[in-house]
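Enquirer:
There are 2 protein chains.
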Amino acid sequence: MDPSDIEPALQATPFLPPIRADAPLLTDEQRMRLAAIATRIRVQPREVVYREESAARSVFIIAEGVVKAFKDMPSGKRWVTAFLYPADVFGLAENGLYVRTAQAVTQALLYRFDVNVLIETLKSDGELQFKFLCKLTHELREAQRQTIAIGRKDAIGKLAMFFRQLQREPGASRDIDLPMTRSDIASYLGLSLESVSRATRALERRGVVCFPNRHMVRIIDPPQFERIESTM
Amino acid sequence: MDPSDIEPALQATPFLPPIRADAPLLTDEQRMRLAAIATRIRVQPREVVYREESAARSVFIIAEGVVKAFKDMPSGKRWVTAFLYPADVFGLAENGLYVRTAQAVTQALLYRFDVNVLIETLKSDGELQFKFLCKLTHELREAQRQTIAIGRKDAIGKLAMFFRQLQREPGASRDIDLPMTRSDIASYLGLSLESVSRATRALERRGVVCFPNRHMVRIIDPPQFERIESTM
DNA sequence: CGCTAGATTGATAAAGGTCAATCATTGTGG
DNA sequence: CCACAATGATTGACCTTTATCAATCTAGCG
Numbered sequence: 038m039d040p041s042d043i044e045p046a047l048q049a050t051p052f053l054p055p056i057r058a059d060a061p062l063l064t065d066e067q068r069m070r071l072a073a074i075a076t077r078i079r080v081q082p083r084e085v086v087y088r089e090e091s092a093a094r095s096v097f098i099i100a101e102g103v104v105k106a107f108k109d110m111p112s113g114k115r116w117v118t119a120f121l122y123p124a125d126v127f128g129l130a131e132n133g134l135y136v137r138t139a140q141a142v143t144q145a146l147l148y149r150f151d152v153n154v155l156i157e158t159l160k161s162d163g164e165l166q167f168k169f170l171c172k173l174t175h176e177l178r179e180a181q182r183q184t185i186a187i188g189r190k191d192a193i194g195k196l197a198m199f200f201r202q203l204q205r206e207p208g209a210s211r212d213i214d215l216p217m218t219r220s221d222i223a224s225y226l227g228l229s230l231e232s233v234s235r236a237t238r239a240l241e242r243r244g245v246v247c248f249p250n251r252h253m254v255r256i257i258d259p260p261q262f263e264r265i266e267s268t269m
Numbered sequence: 038m039d040p041s042d043i044e045p046a047l048q049a050t051p052f053l054p055p056i057r058a059d060a061p062l063l064t065d066e067q068r069m070r071l072a073a074i075a076t077r078i079r080v081q082p083r084e085v086v087y088r089e090e091s092a093a094r095s096v097f098i099i100a101e102g103v104v105k106a107f108k109d110m111p112s113g114k115r116w117v118t119a120f121l122y123p124a125d126v127f128g129l130a131e132n133g134l135y136v137r138t139a140q141a142v143t144q145a146l147l148y149r150f151d152v153n154v155l156i157e158t159l160k161s162d163g164e165l166q167f168k169f170l171c172k173l174t175h176e177l178r179e180a181q182r183q184t185i186a187i188g189r190k191d192a193i194g195k196l197a198m199f200f201r202q203l204q205r206e207p208g209a210s211r212d213i214d215l216p217m218t219r220s221d222i223a224s225y226l227g228l229s230l231e232s233v234s235r236a237t238r239a240l241e242r243r244g245v246v247c248f249p250n251r252h253m254v255r256i257i258d259p260p261q262f263e264r265i266e267s268t269m
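Here it is as structure tokens:
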């Protein structure tokens, strides 16, 4: 296997051009430096990586698989705040405590960093730390894009924007993997499970997408898909 | 005037305790270091700091005043993605271009940094860069909290969460300044202007808050306010 | 083969959007 | 100093959409 596939990676669109958006953010040397201070852990589907409000001793980077971050509300409802993919960072504490619960959606391979060791490593390597800074900036923008999707009123538009976000590189395959459940999607988009179901069926009925199976969506009519996505 | 009030500041809850949440993030020395590479500019209400999609040459830190960041949608609707306050950073580019338009809400005093100079300064000072990293982590969490507010269905609950967010330090005064218009609030929360208006009146009618004037809200009944905020 | 978690579908009611009219506040020019 | 214009805010009537409740269906899996 190519070593660049196994050392930790970070994915981000950097501040400045002309670096390609999909170019690896970290150099091989930086990845090795990180690998040297990381532990690789494998988690099974539904396994909880950490719980909200617990002491934050580790930061994670995903190598393989999908993880969700969520918060349980007083009412018993659950808010999914993020789906995390390979080359994403998670577990950044607030005042020493985790803010969300992180749970594996699929089997996943994670790099775990001791937070103190990582901080010292970053402080001593300005170039590497800058990569993290770019990554966080990227995450911040993504969070704001998510906010736009969630602020929409129409379930169909929300869903279209959600599918587009999962299609991480633009212009990638028409097939998008949906490792999470409909219920996860609902609590991410701020919809009821039933509305998600109705919206998926509506998109299907209109011939915009089809679902080869429940965990896969295929865009059949890209122009109309785009129209729905941007009509608001 | 205390020099710690005029050098640039950053506000963030750090990763690790026991630093107080409202303690200044930057040391005096770091502030001076930043001040040395910054230009101070004053902007008037409604003045545009930069436009979306334009070349991003500067990064800004707010010293005084309030700025909003928004995106105009194809339909003509405007999405306000953030209200920026003193000690907030904005203008972080994506691929060399600004992502949002930034416009002053009130008169404001800004520190402007040349992006290349700032990057070099950060790379050469691991401690200072780490402060920026903390700040961005903080912003990311705030963005996710905003997402929760916006994902709610009920206008009254959205508004309550919004007011709470504006009350930047918890347990601060019961009076909250609302420098932005109702229309700005609406396009931030994903509501119609009319719904914001009705929700404010509803809160007022129930005796939860009162509005000494249009740009000020006072929480009269904190327990009930909190109940509305967390009922979802 | 039947159990179970997840997903779909239908009927009803509540909530916000939209359209339209009116009111309030601020600032400007006569 | 007042009248008026312009922007922002409020209120009402009506309509569209989603949440909710409830029943049913489906796909995995032991």
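These protein sequence lines are chains A and B, in that order.
Take the first sequence: its letters are residues 38 to 269, numbered as in the numbering used here.
Take the second sequence: its letters are residues 38 to 269, numbered as in the numbering used here.
Cβ coordinates follow ideal geometry from the N, Cα and C atoms, glycine included.
(1) Grab me the residues of A:A239's own chain with a C-beta within less than 6 angstroms of its C-beta, minus the 5 sequence neighbours each way, in chain order.
(2) Looking at C-alpha atoms only, which residue of A:W116, A:A72 and A:R178 is the closest neighbour of B:Y135?
(3) Starting from B:Y122 and walking both ways along the beta strand (DSSP E), at which residues does that stretch end?
(4) Helix, strand or coil for B:Y135? Go by DSSP, reduced to three states.
(5) Select from A:R70, A:V142 and A:L71 the residue whose C-alpha is nearest the C-alpha of A:Q81.
(6) Taking the alpha-carbon positions, what's the B:G128 to A:N250 distance?
(7) Taking 7 angstroms as the cut-off, is the beta-carbon of A:V80 closer than that to any non-hydrogen atom of the ligand ATP?
(8) According to DSSP, is B:K172 helix, strand or coil?
(9) Would you mind sorting A:A130 into buried or exposed? The rule is 16 or more other CB atoms within 10 Å of its CB.
(10) Just checking, does the stretch 252-260 of chain A make contact with the stretch 221-236 of chain A on the three C-beta pairs under 8 angstroms criterion?
(11) Taking only beta-carbon positions, decide if B:F52 is within less than 8 angstroms of chain A.
(12) Measure from the C-beta of B:T184 to each C-beta in chain A and report whether the shortest distance is under 8 angstroms.
(13) Can the beta-carbon of A:V117 be found closer than 8 angstroms to that of A:K105?
(14) Per DSSP, which one or two residues make a beta bridge with A:K108?
(15) Please confirm if the stretch 187-204 of chain A is in contact with the stretch 199-207 of chain B, defined as three or more CB-CB distances below 8 angstroms between the two stretches.
(16) Considering only the beta carbon of each residue, do A:E89 and A:T138 sit closer than 8 angstroms?
(17) Given this structure, state the Cα-to-Cα distance separating A:A124 from A:I99, to the nearest angstrom.
(18) Since B:I78 contacts A:T184 with CB under 8 angstroms, what's their CB separation in whole angstroms?
(19) Counting only Cβ pairs nearer than 7 angstroms, list the residues of chain B close to A:R178.
(20) Using the beta-carbon of each residue, which ones in chain A are nearer than 9 angstroms to B:L159?
(21) Against B:G128, what residues of chain A qualify as contacts under a CB-to-CB distance less than 7 angstroms, listed in chain order?
(22) Residues of chain A with CB closer than 9 angstroms to the CB of B:V152, please, in chain order.
(23) Go ahead and pull the three-state DSSP assignment for A:M217.
(24) Report the rounded CA-to-CA distance for B:V233 versus B:L226, giving the unit in angstroms.
(25) Where do the N-terminal and C-terminal ends of the beta strand (DSSP E) with B:T237 fall, by residue?
(26) Starting from the beta carbon of B:T118, find every residue of chain A whose beta carbon is closer than 8 angstroms, and list them in chain order.
(27) Taking C-beta pairs closer than 7 angstroms, name the residues in chain B that A:L173 reaches, listed in chain order.
(28) Roughly how many angstroms separate the alpha carbons of B:Q181 and A:V85, rounded to a whole number?
(29) With 8 angstroms set as the bound, which would you pick, yes or no: does the beta-carbon of A:T218 sit closer than that to a beta-carbon of chain B?
(30) Pull up the DSSP beta-bridge partners for A:Q140, would you.
(31) Whose C-alpha, out of B:P216, B:D258 and B:L71, is nearest the C-alpha of B:Q166?
(32) For A:G102, is the classification buried or exposed, using 16 other Cβ atoms within 10 angstroms of its Cβ as the cut-off for buried?
(33) Buried or exposed for A:Q144, going by 16 or more other Cβ atoms inside 10 Å?
(34) Is the CB of B:P111 under 8 angstroms away from at least one CB in chain A?
(35) Drop a sphere of 10 angstroms on the beta-carbon of B:G113, count the other beta-carbons inside from all chains shown, and report buried for 16 or more, exposed for fewer.
(36) What span of residues does the alpha helix (DSSP H) with B:D65 cover, start to end?
Expert: Taking the geometry as given:
(1) I193
(2) A:R178
(3) Looking at the DSSP string, B:Y122 is not in any beta strand (DSSP E), and its letter there is neither H nor E.
(4) coil
(5) A:V142
(6) 42 angstroms
(7) Ligands in the displayed structure: none, and consequently the ligand ATP is not present.
(8) helix
(9) buried
(10) no
(11) yes
(12) yes
(13) yes
(14) A:W116
(15) no
(16) yes
(17) 5 angstroms
(18) About 28 angstroms separates the two Cβ atoms, so there is no contact after all.
(19) E131 and V136
(20) G163, Q166, F167 and L170
(21) Per Cβ cutoff of 7 angstroms: no residues; B:G128 is ~10 angstroms from chain A at best.
(22) F52 and L53
(23) coil
(24) 9 angstroms
(25) No beta strand (DSSP E) contains B:T237, which is instead part of the alpha helix (DSSP H) from L230 to R242.
(26) Q181, T184 and I185
(27) L170, L173, T174 and L177
(28) 20 angstroms
(29) no
(30) A:V85 and A:K105
(31) B:L71
(32) buried
(33) exposed
(34) yes
(35) exposed
(36) D65 to I74
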